[in-house]
Amino acid sequence: MKLKHTAAALALLTAFGVHAQDTVVKIGHSGPLSGSQAFSGKDNENGARLAVEELNAKPITVAGKKLKFELLSEDDQGDPKAGMAAAQKLIDAGVHYIVGPYNSGVAIPASRAYNDAGALIATVATNPKLTQQGYKGLYRVNASDTQLGSKMALYAANEMKLKTVAVIDDRTAFGQGVAEEFKKQAKAAGMTVAGHEFTNDKAFDFTAILTKLKTKNVQAIFFGGYAPQAAPMARQMKQLGINARLLGGDTICTAEMGKLGGDAVGDNVLCSQGGAILDKASAGPAFKAKFKARFKQDADVYAAAYYDAVMMYAQAMQKANTIEVPKVQAVISAGAYQGVAGSYAFDAKGDMKQSPVTIFTFKGGQPVPLTSY
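Following the numbering used here, the numbering of the sequence shown begins with 117 at its first residue and continues without gaps.
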């Protein structure tokens, strides 16, 4: 009996010893996990979680030790103040590798805190101001507002042959940024911008704004904002008899838009999203199948980008043969990573050197890709 206890104790100690040799790498996620944008925050978190689980199942070795990845996820509520609190919490927990924040209004101030703490940041936040701050460890892993807004305007002018449009933005860093880029390119492409109205990211009644724009007989309204506002906007456009198309950026290219908008969201809605068409990417269908099997729902807008960001960090650690941030950063900045959603190679600011934009419409409540533009 005593020998059995001794053997069991030795086995336990051996197991503990092997586990103790693992190098723990904490991946921090910051995004809106509550409120009207929680569907996006959870989708992004799940993309990162899938990558962490796959890395731990392999596992990978750096400097002779197995890496054990841990995901620490914080709800930043899509709010700058809550985002700073989330950032501090992750920093205090010793996290040096961040995916997020999702919202530009959160990412711009939070990135300063992460940068000061020596952390790397991979974010899908699109406002151009984000990468103009000069932080060497900040990477935008998708298209910027410049690309999203301008490509949507070019598609509207060249393919849809629109002549007169209007703009509404929600005054967030994202909404304002993407709307201004659309407006700038629309004018350059020869379209008339007949009006620019403003709302906020908590509003649900757009009747007054839409009634004002109806008198201008615009062919399309570009909305700089998020699906929880864009969907009721589409409903109210239909109720008011406004036959104009509703255009937007990546934040309305989501199944939530179709779910909230119902029969008011169809081929009358078009949006631009960073990245090539996932179904046509070599690893795209396999990723979508894995994601659905694990989380029992389809991957939404940026799950693949968050998955890719975590995998990019891991590959850079392997190449650098260390988890030391400056050396991992050097590998990412100088190299390229081929992910599910595209090839990640960055310029001096941290923007992707090449980021195709895909134009989507809606069928049966789901975003359907039309073309990469």
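Every residue, glycine too, gets a C-beta built ideally from N, C-alpha and C.
Spatial neighbours of Pro-244 in its own chain (CB-CB distance under 7 Å, excluding positions within 5 residues in sequence) are listed in chain order as Ser-260, Asp-261, Thr-262, Gly-293. Under the three-state reduction of DSSP, Ala-392 is assigned to coil, being neither helix nor strand.
At least 9 Å separates the beta-carbon of Val-447 from that of His-212. Rounded to the nearest whole angstrom, the C-alpha separation of Gly-466 and Lys-406 is 29 Å. Between Met-307 and Ala-347, the C-beta spacing is not below 9 Å.
Taking C-beta atoms as the reference points, Ala-457 and Gly-391 count as a pair closer than 9 Å.
Where Ile-358 is concerned, there is no enclosing beta strand (DSSP E), because DSSP gives it neither an H nor an E. Following the DSSP letters along the chain, one finds Glu-275 in no alpha helix (DSSP H), marked with neither H nor E. When the beta-carbon positions are compared, Pro-196 and Gly-216 stay at least 9 Å from each other. Per the Cβ contact rule, the stretch 338-357 is in contact with the stretch 374-388 (3 or more Cβ pairs under 8 Å).
The residue among Arg-256, Gln-193, Thr-177 with its C-alpha nearest the C-alpha of Gln-153 is Gln-193.
Less than 9 Å separates the beta-carbon of Ser-227 from that of Tyr-251. Residue environment analysis places Pro-483 among the buried positions, since at least 16 neighbouring C-beta atoms fall within 10 angstroms of its C-beta.
The continuous beta strand (DSSP E) containing Leu-254 extends over residues 254-256. The Cβ atoms of Tyr-460 and Asp-416 do not sit closer than 9 Å to each other. Leu-362 places its beta carbon less than 9 Å from that of Leu-386. Every beta strand (DSSP E) of 3 residues or more that sits fully in the stretch 160-197 is shown, in chain order, as 181-191.
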